[in-house]
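J.: Residue numbers (my numbering): 28 to 112.
Heads up, the beta-carbon is just placed ideally off N, CA and C, and yes, glycines get one too.
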Amino acid sequence: AGSYDRRLSFWKISQTSDGTAMAKFERAFCAHEGIDDEVLAVCCNATTGSVFSGGNSGVVRKWPGRGGELAEATYEGHEDAVTCL
């Protein structure tokens, strides 16, 4: 999950015995550096676990699976905020 405080949050989803989905907070970290660079878009690659985030700066960042705090790559060149991935 992304938020206006520039953080990425990671949740573990599990299923109870009656089939209800439960989410348990695992951790969060400040993913975007700029004071106005809220995390506006997040997606996850189900095969690799990589997470991608985008925000007001127009930069897309690729994070390693399991939510490592060092971006593996940045993709620049958008003219405006990244609001969808």
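Unbroken beta strand (DSSP E) runs of length 3 or more, entirely within the region 64-92: which are they?
T.: The region 64-92 contains these whole beta strand (DSSP E) runs: 66-71, 78-82 and 87-90.
J.: Nearest CA to the CA of E103: which residue from G95, G92 and F79?
T.: Checking every option, the nearest Cα to that of E103 belongs to F79.
J.: Does T47 come out as helix, strand or coil in the three-state DSSP assignment?
T.: DSSP places T47 in coil when its eight states are reduced to three.
J.: Could you give the distance in angstroms between the alpha-carbon of G92 and the alpha-carbon of D64?
T.: Each residue's alpha carbon lies about 22 Å from the other.
J.: Alpha carbons only, please: which of G82, Q42, A55 and L97 is nearest the one belonging to A68?
T.: It is G82.
J.: Which residue or residues does DSSP assign as beta-bridge partners of T101?
T.: BP columns for T101 point to R88.
J.: Is it buried or exposed for S44, if we count other Cβ within 10 angstroms and need 16 for buried?
T.: Burial call: exposed.
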